[in-house]
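Undergrad:
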Amino acid sequence: MPLTFAAAGEVNTIKLIRGKIETIRHLESMGFVEGAAITVISRLAGNVIVSVKDARVALNKELAAKIMV
Numbered sequence: 010m011p012l013t014f015a016a017a018g019e020v021n022t023i024k025l026i027r028g029k030i031e032t033i034r035h036l037e038s039m040g041f042v043e044g045a046a047i048t049v050i051s052r053l054a055g056n057v058i059v060s061v062k063d064a065r066v067a068l069n070k071e072l073a074a075k076i077m078v
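Numbering (my numbering) for the sequence shown: 10 to 78.
1. Would you kindly work out how many angstroms separate the C-alpha atoms of residue 23 and residue 49, rounded to a whole number?
2. Quick one: what does DSSP say residue 16 is sitting in, helix, strand or coil?
3. Is the beta carbon of residue 68 closer than 7 Å to that of residue 61?
4. Tell me whether residue 34 sits in a helix, a strand or coil according to DSSP, three-state version.
5. Would you call the CB atoms of residue 32 and residue 70 closer than 7 Å?
Here it is as structure tokens:
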């Protein structure tokens, strides 16, 4: 399921990242890699704030939809 549907506070594992190679590399550089634990901290209008690899990152809904958990 896309990260946009993950429940807040629930720990998930990244299964797949979709999109163009540039998008995938950008997300990987921020710590979004397959197998990494990710937690949705909060959401607002589809945009999410997540915790990944001991860092908090804000993602817009388009990027969040490319991350499958």
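For each residue, glycine too, the CB sits at the ideal point set by N, CA and C.
TA: According to the structure shown:
1. On the sequence shown, position 14 is the one that residue 23 refers to. On the sequence shown, position 40 is the one that residue 49 refers to. Spanning the two alpha carbons is a distance of roughly 12 Å.
2. The sequence position of residue 16 within the sequence shown is 7, counting from 1. Coil, per DSSP.
3. Within the sequence shown, residue 61 is the residue found at index 52, counting from 1. Within the sequence shown, residue 68 is the residue found at index 59, counting from 1. No, the pair does not count as a contact, with Cβ atoms beyond the cut-off.
4. Translated into positions along the sequence shown, residue 34 becomes position 25. The answer is helix: DSSP assigns residue 34 an H, G or I state.
5. Numbered from 1 along the sequence shown, position 23 holds the residue referred to as residue 32. Numbered from 1 along the sequence shown, position 61 holds the residue referred to as residue 70. Against a cut-off of 7 Å, the Cβ pair of residue 70 and residue 32 comes out as no contact.
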